[in-house]
Amino acid sequence: MTVWRRKDLLSLYDLDADEIRLILDTAAEFKKVSERRLKKVPVLRGKTVVNFFVEPSTRTRTSFELAEQRLSADIINIAAVGSSLSKGETLLDTVKNIEALQADIIVMRHSAAGAHNFIASHLKCGVVNAGDGAHSHPTQALLDIFTIIEKKGSVEGLNVSIIGDIRHSRVARSDIWGLIKLGANVTIAGPSTLLPKEFEKIGVKVVDNLEAALEDADVVNLLRIQHERQKVSYFPSVNEYANIFGLNENTAKYLKKDAIIMHPGPINRGVELASSLADGPRSVILEQVTNGLAVRMAVLYLISTVE
Ligand code: CP
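Going by the numbering used here, the residue at position 196 of the sequence shown is 204; the numbering climbs one at a time, nothing skipped.
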């Protein structure tokens, strides 16, 4: 039996397949709790969780906070605006001060890749990565995989295509590691300027046309173009991107009938994904959001068990 021994969740790259399965199995139990009339459990009673979001978030921040409430934790929320970061305090000083207030777990989102690894190495309290730059977003990948298993029974042997701005996507990096470790066949697709070829070294198929990415896919995960992380233009125009790589009623004809459509959100409607498909019967996008709650309850609970 796998026992959880990590004080931090930084990246799926760090975890082995059994650790990923342990989180998913624990999330399945917490999903049952979320479907009860009484949705709260006392497993984090007396523990303090600090949500420290230096980058914007809707889904991740809300579902972490709700997960913490459901687990009966004491919760503090800190945003960059209004904190002493704006007066020039360093990140390390900030989190050391949070720890000095006896925080048990810090859930952080930060624009700098590796920020969580840095602070975790200086803190005794737990650190959960809620997204760091273009590097890692482990709980997003876990909720994606949880949703795929719910819909398809397993990820082993499934064909999963991730399409869009792979270069700037922490979701893509986390999905790829998690899916590969659990035995999925992963294809990535997008404009060649947004498609890092190094993923081929770990068995990912890299294609630069949409039809090739769609035709065998059991699961299609569309990614947002991350304009905020692009310092130069990687393709001529948003319209051109939508015409060549957008999933819409026209290009969806390449999909298998039982393929499911995923998106981590927020969606650029009409760019990477047409509204008719985002809101259609093959979309599992809102189920991903629902499953994020159970996955984040599982992560916080497992980390809280480590002394
Ligand atoms: N998927 C995701 O991380 O969404 P938010 O940025 O709204 O948290």
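Think of the CB as a built atom: it goes at the ideal place given N, C-alpha and C, for glycine as much as any other residue. Every value quoted in this text rests on a predicted model; they were computed, and no experiment measured them.
Query                                                                                                              : Result
Residue nearest to Arg-277 in terms of C-alpha spacing, selected from Gln-148, Lys-39, Leu-255 and Ala-306         : Leu-255
One or two residues paired with Arg-117 in a DSSP bridge                                                           : Phe-61
Identity of the residue in Gly-165, Ala-197 and Val-163 nearest Ser-177 by Cα                                      : Ala-197
Unbroken alpha helix (DSSP H) run spanning Thr-155, endpoints                                                      : 146 to 160
Cβ contact check for the region 78 to 95 and the region 124 to 144: 3 or more pairs under 8 Å                      : no
Distance cut-off 7 Å: Pro-146 Cβ against heavy atoms of the ligand CP                                              : no
Proximity of Val-194 and Leu-202 at Cβ, strictly below 8 Å                                                         : no
Spatial distance of Ile-157 from Arg-175 (CA atoms)                                                                : 26 Å
Own chain partners of Ser-92 with C-beta closer than 8 Å, once the 5 adjacent residues on each side are dropped    : Thr-102
Residue of Glu-295, Arg-14 and Ile-269 minimising C-alpha distance to Leu-285                                      : Ile-269
Spatial neighbours of Ala-260 in its chain, beta-carbon cut-off 7 Å, leaving aside the 5 residues before and after : Leu-285
For Leu-190, the nearest candidate out of Lys-213, Thr-155 and Glu-164 (CA to CA)                                  : Glu-164
Member of Gly-172, Arg-181, Leu-308 and Ile-114 whose CA lies at the smallest distance from the CA of Ala-121      : Arg-181
Every unbroken beta strand (DSSP E) within the region 160 to 225, with a cutoff of 3 residues, ordered by chain    : 167 to 171, 193 to 197 and 213 to 215
Sequence-distant residues of the same chain with beta carbon closer than 6 Å to Ser-291, five excluded per side    : Ile-269
Buried versus exposed call for His-130 [16 or more other C-beta atoms within 10 Å across all chains shown]         : exposed
Cβ-heavy atom distance, Arg-277 to the ligand CP, below 7 Å                                                        : no
Continuous beta strand (DSSP E) stretch holding Met-270: start and end                                             : 268 to 270
Distance between Thr-155 and Ala-282 (C-alpha atoms, nearest Å)                                                    : 21 Å
CB contact flag (Ser-65, Arg-117, <8 Å)                                                                            : yes
Check whether Asp-152 and Asn-258 have beta carbons under 8 Å apart                                                : no
The ligand CP heavy atom lying under 7 Å from the CB of Ser-272                                                    : The question names Ser, but residue 272 is Pro in the sequence shown. Pro-272: yes, Cβ under 7 Å from the ligand CP.
Enclosing beta strand (DSSP E) for Leu-310 [first to last residue]                                                 : Run containing Leu-310: none in the beta strand (DSSP E); it sits in the alpha helix (DSSP H), 293 to 312.
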